[in-house]
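Note sheet for the following structure.
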Amino acid sequence: MSDFDFPVVLHPQPEGGFVVFFPDIPEAITQGEDEDEALLVAADALETALSMYVDERKPLPVPSSPMKGQKTVSPSALECAKLGLYRAMLEQGIRKAELARRLGWHLPQVDRLFDLNHASRLDQIEAAARALGRHIEVRVA
64 MSDFDFPVVL
74 HPQPEGGFVV
84 FFPDIPEAIT
94 QGEDEDEALL
104 VAADALETAL
114 SMYVDERKPL
124 PVPSSPMKGQ
134 KTVSPSALEC
144 AKLGLYRAML
154 EQGIRKAELA
164 RRLGWHLPQV
174 DRLFDLNHAS
184 RLDQIEAAAR
194 ALGRHIEVRV
204 A
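Below you can see the structure in the form of structure tokens.
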């Protein structure tokens, strides 16, 4: 389980399909024709909502524990690394400009690092983590 594995609620609709929402992230809501599609689009809704938190420089929600049998959804591994980096930056009170200074990067490079839609390189995320006194762990479960 990742630090960004959020419980999801799939609410069946009378006309068919499912409305999907996250109890911990009210901004993330979507729908799908069947359970598989609903879970697939739920990941997109989750990533979009978490991007809004990053854009607005808000603390990220912490996932609650799922109830027995409840499904969970998490962003991709790369996005989880970016979100973990963002969380560490907020915890330390570091602003993007300070991170750019520590890395010797231009501010737009740091901005792209926190853009969940940008395909950042893992070595860049690792460098930023080191600049914050952290490291990236990758596991296959």
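In my numbering, the protein residues as written are 64 to 204.
Just so it is clear, CB atoms sit at the ideal spot from N, CA and C, and this is done for glycine as well.
What is the DSSP secondary structure of P89, counted as helix, strand or coil?
Within the sequence shown, numbered from 1, the residue matching residue 89 stands at position 26. Three-state DSSP puts P89 in a strand.
Within 7 Å: the Cβ of F85 and any heavy atom of the ligand SAM?
In terms of ligand content, the structure shown is empty, and the ligand SAM therefore cannot be addressed.
So which of F85, H181, K159 has the shortest CA-CA distance to P70?
Numbered from 1 along the sequence shown, position 7 holds the residue referred to as residue 70. Per the Cα distances, F85.
Are L170 and E142 closer than 8 Å when you measure CB to CB?
The residue labelled residue 170 in the question sits at position 107 within the sequence shown. The residue labelled residue 142 in the question sits at position 79 within the sequence shown. No; because the gap between Cβ atoms is not below 8 Å, this pair is not in contact.
Whole angstroms is fine: what's the gap from Q187's alpha carbon to G79's?
As a working note, residue 187 is residue 124 in the sequence shown. As a working note, residue 79 is residue 16 in the sequence shown. If I take the Cα positions, the gap works out to 44 Å.
Expressed to the nearest angstrom, what Euclidean distance is found between the alpha-carbon atoms of E161 and K145?
Along the sequence shown, one-based indexing puts residue 161 at 98. Along the sequence shown, one-based indexing puts residue 145 at 82. Cα to Cα, E161 sits roughly 17 Å from K145.
Taking the alpha helix (DSSP H) that L73 belongs to, which residues open and close that run?
Residue 73 sits at position 10 when you count from the first residue of the sequence shown. From DSSP, L73 is part of no alpha helix (DSSP H) but of the beta strand (DSSP E) over 72 to 75.
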